[in-house]
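>
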Ligand SMILES: Cc1cc2nc3c(=O)[nH]c(=O)nc-3n(C[C@H](O)[C@H](O)[C@H](O)COP(=O)(O)OP(=O)(O)OC[C@H]3O[C@@H](n4cnc5c(N)ncnc54)[C@H](O)[C@@H]3O)c2cc1C
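In this note's numbering, the protein residues as written are 34 to 521.
(1) Round the Cβ separation of residue 285 and residue 298 to the nearest angstrom and send it over; I've been treating them as touching at under 8 Å.
(2) Using only alpha-carbon positions, find the residue among 267, 129, 195, 97 that is nearest to residue 114.
(3) Could you compute how far the alpha carbon of residue 500 sits from the alpha carbon of residue 506?
(4) Take residue 360 as the anchor and find which of 174, 386, 169, 46 has the nearest alpha-carbon.
(5) Using 8 Å as the threshold, is the C-beta distance between residue 459 and residue 110 below it?
(6) Which complete beta strand (DSSP E) runs does the region 288-358 hold, if anything under 3 residues is left out?
(7) Say the cut is 7 Å; is the CB of residue 262 nearer than that to a heavy atom of ligand 2?
(8) Just list the residues that DSSP pairs residue 223 with in beta bridges.
(9) For residue 259, which of helix, strand or coil comes out of DSSP?
(10) To which residues does DSSP link residue 280 through a beta bridge?
(11) How far does the alpha helix (DSSP H) with residue 367 in it extend, from its first residue to its last?
(12) Report the CB separation of residue 279 from residue 100 in whole angstroms; it is logged as a contact under 8 Å.
(13) Verify whether the separation of the beta carbon atoms of residue 202 and residue 239 is less than 8 Å.
(14) If you run the structure through DSSP and keep just helix, strand and coil, what is residue 29?
(15) Please give me, in chain order, every unbroken run of the alpha helix (DSSP H) with length at least 4 that falls completely inside the region 44-96.
(16) From which residue to which residue does the alpha helix (DSSP H) around residue 438 run?
(17) At a cut-off of 7 Å, would you count residue 361 as near ligand 1, judging by its Cβ distance to the nearest heavy atom?
(18) Are the CB atoms of residue 314 and residue 263 nearer to each other than 8 Å?
(19) Report the residue ranges of all alpha helix (DSSP H) runs contained in full by the region 97-181; include only those spanning at least 4 residues, in chain order.
(20) Using a Cβ-based criterion (distance less than 7 Å to any ligand heavy atom), does residue 91 qualify as near ligand 1?
(21) Can you round the beta-carbon distance between residue 112 and residue 95 to whole angstroms, since I take them to be within the 8 Å contact cut?
(22) If you measure from the CB of residue 119, is any heavy atom of ligand 1 nearer than 7 Å?
(23) If you draw a straight line from the alpha carbon of residue 416 to that of residue 310, how long is it in whole angstroms?
(24) Which partner residues of residue 264 appear in the DSSP bridge assignment?
(25) How is the alpha helix (DSSP H) around residue 195 delimited, first residue to last?
(26) I think residue 257 touches residue 300, with their Cβ atoms under 8 Å apart; what is that distance to the nearest whole Å?
(27) Residue 379 by DSSP, collapsed to three states: which one?
(28) At what residues does the alpha helix (DSSP H) containing residue 418 begin and finish?
(29) Using 8 Å as the threshold, is the region 184-193 in touch with the region 57-71, meaning 3 or more CB pairs across them?
(30) Could you say which of 253, 340, 164 lies nearest to residue 392 if we only look at CA atoms?
(31) Taking residue 47 as the reference, which of 373, 191, 362, 364 has the closest Cα?
(32) If I measure Cβ to Cβ from residue 126 and keep anything under 6 Å in the same chain, skipping five residues before and after, which residues do I get?
(33) Do you know whose CA, among 272, 106, 259, 34, lies nearest residue 503's CA?
(34) Between the region 34-51 and the region 150-159, do at least 3 Cβ pairs fall closer than 8 Å?
(35) Take residue 35 and list the residues in its own chain whose beta-carbon comes closer than 7 Å to its own, dropping the five residues that flank it on each side.
(36) Taking the alpha carbon of residue 410 as the reference point, which residue from 464, 197, 517 has its own alpha carbon closest?
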């Protein structure tokens, strides 16, 4: 991703770009669900959807279904796009809460086309220029992480990036200021450079091992520390959404691709043994495993700086928050775009790094709060893990958001919030937060008018969803070859 974007935007004219990778180390091989801003990243690279879908065996994603998160047996959607439309002056959710207080049991997701279509395994992107109900959906992709890396490698090499195979075994620093001057691989290649992008994954070879930048640990708030990942055969209808199913000490992901399903369990090893978590994952697969499961250990938190001296840490080397809302790849894309906006010259003016660190730090913190919300606001009391999550203290920034919502039905957006109002509302309501009040302006609409308007909205969405093609049909229509059984 980094080599591809730098090559595209600098056109290799600000300096030669070298990419060093080690096949012996490989990539982490997970990271297959994304969020809608990936469309902007693809546009920036001028990659068209059809090429992207074919090369990475991708499918469409309309959001995430959360099962058993609020309590066992319940499910809600966090859809992409908008939910409902304002009735009168008040924002939609105030009318929704008013109706709910009056006894209307309709779930929030009934007002989201992405949710209703997703639940029926239906998908088609909104036609260009559409301003009707179809335009209310947002979408992203699920893709094969290995194929995505290979696709972007080819893209980068075609634009002049030179790739070198081999493990870096030595990093040299300038004696006067500690800036990195060169890296040397095991096969004896030494490369000098001005700007070093540390994309070495969790080992953070330059940012942490060499510059010892320091790490801010967030595991008290996001206690998951391990994951098992395993692919399985395609089965059942091809769902256009990620499924996240909560278990006793973590949760399981299900990511449908054209040729297989990506599965994994994310868990806290303080609350469950690794082997037991693996058993839970394997016993909850809905189709045959295609490989042995693989264990991944991680630490939740962020590097104290994302740009230090002449090193910028992109990806897992800069920090990691678990994949609950598929945000890591987005953080890579958004950090790269911020870097392009603040691109340094050879002087490396420290104010540029300062601005970059503030902006990326804000991205991390606002996403962190959104993730913690899922764990903190739960009614589950069936395990030590959920008891811990329900009772843990949370950042003041998140507590304030929760208090405002409970007291007034208001969602206060923070500077830098990636997730917007429909996302916060879907998760707050889905996890069981019910406000005590709503906007008094929502009372200005007559009760009968409100009931009728809400019913019309639901019917419009339901009838439009029913006319969309099945996700699998749409993929076939645009030339994709699906493999696996029962894709209809
Ligand atoms: C369990 C799990 C699930 C995830 N799911 C999602 C998801 O659904 N959505 C999402 O957005 N993100 C997800 N992520 C995050 C996502 O996987 C990463 O953000 C993404 O893959 C980028 O990883 P990376 O490039 O930083 O690191 P890596 O993939 O680890 O790549 C590191 C690279 O550095 C090279 N390297 C390392 N050391 C050396 C060395 N000494 N010499 C030479 N080369 C070296 C390696 O060969 C490799 O090419 C998930 C992460 C985990 C752990």
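Ideal Cβ positions, reconstructed from N, Cα and C, are used throughout, including at glycine.
Taking the geometry as given:
(1) Your pair residue 285 and residue 298 checks out as a contact, with CB atoms roughly 5 Å apart and the cut at 8 Å.
(2) 97
(3) 13 Å
(4) Out of 174, 386, 169, 46, 174 has the C-alpha closest to the C-alpha of residue 360.
(5) yes
(6) 294-300, 327-330, 334-336, 344-346
(7) The model depicted lacks ligand 2 and carries ligand 1 instead.
(8) 217
(9) Three-state DSSP puts residue 259 in a strand.
(10) 283
(11) Counted as a single uninterrupted DSSP element, the alpha helix (DSSP H) harbouring residue 367 occupies residues 361-374.
(12) 7 Å
(13) no
(14) Since the first and last residues shown for the chain are 34 and 521, residue 29 lies out of range.
(15) Every alpha helix (DSSP H) stretch that sits fully inside the region 44-96 and reaches 4 residues is listed by chain position as 71-77, 82-89.
(16) 429-441
(17) yes
(18) yes
(19) 125-134, 146-152
(20) Flag unset: Cβ of residue 91 not near ligand 1.
(21) 6 Å
(22) no
(23) Distance between the alpha carbons of residue 416 and residue 310: 14 Å.
(24) 295
(25) Taken as a continuous stretch (DSSP letters only), residue 195 belongs to no alpha helix (DSSP H), being part of the beta strand (DSSP E) at 195-198.
(26) 6 Å
(27) coil
(28) 417-424
(29) A contact is defined here as three or more CB-CB pairs under 8 Å, and the region 184-193 fails this definition with respect to the region 57-71.
(30) 340
(31) 373
(32) 458, listed in sequence order.
(33) 272
(34) Between the region 34-51 and the region 150-159 there are fewer than three inter-stretch CB-CB distances shorter than 8 Å, so the stretches are not counted as touching.
(35) 230, 232, 347, 369
(36) 464
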